[in-house]
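All remarks here apply to the structure that follows.
In our numbering, the protein residues as written are 8 to 98.
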């Protein structure tokens, strides 16, 4: 059963969002588990919605742990984070 993680991140400024994306782009390939799909959407000048679909709930949990490490590295740019995860209902 596929599972998804959806993370809404509000950054402190639009400049912080740009810095965050640059750091994420460099960090992601070597650190995050393989996803079925990933989507990043800029939802406002200083916020983004990140969604990844994984093959299992176990991989989602691992991804949660790994991304938490990245968030700690980028915390000076971040204002608020809302995280959700769950079973993919329609594929």
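Quick reminder that beta carbons are idealized off the backbone N, C-alpha and C, glycines included. Note that the coordinates shown come from a computational prediction; the quantities given were computed from them, not determined experimentally.
In terms of alpha-carbon separation, which member of the options lies closest to residue i?
{"i": "residue 21", "options": "68, 30, 49", "result": "49"}
{"i": "residue 86", "options": "54, 63, 93, 40", "result": "54"}
{"i": "residue 44", "options": "38, 57, 17", "result": "57"}
{"i": "residue 75", "options": "9, 93, 29, 39", "result": "39"}
{"i": "residue 90", "options": "59, 80, 24", "result": "59"}
Per the DSSP calculation, residue i is bridged to which residue(s)?
{"i": "residue 8", "result": "Partner(s): none; residue 8 has no beta bridge."}
{"i": "residue 15", "result": "56, 89"}
{"i": "residue 47", "result": "57"}
Who are the Cβ neighbours of residue i in its own chain at under 6 angstroms, not counting the five residues just before and after it?
{"i": "residue 34", "result": "77"}
{"i": "residue 30", "result": "81"}
{"i": "residue 69", "result": "40"}
{"i": "residue 13", "result": "58, 91"}
{"i": "residue 105", "result": "With the chain running from 8 to 98 in the structure shown, residue 105 is simply not present."}
Cutting at 8 angstroms between CB atoms, please list the residues of its own chain near residue i, excluding the five before and the five after it.
{"i": "residue 8", "result": "63, 64, 94, 95"}
{"i": "residue 27", "result": "16, 18, 55, 81, 84, 85"}
*Just checking, does the segment 12 to 26 make contact with the segment 86 to 96 on the three C-beta pairs under 8 angstroms criterion?*
yes
*Report the residue ranges of all alpha helix (DSSP H) runs contained in full by the segment 63 to 90; include only those spanning at least 4 residues, in chain order.*
64 to 80
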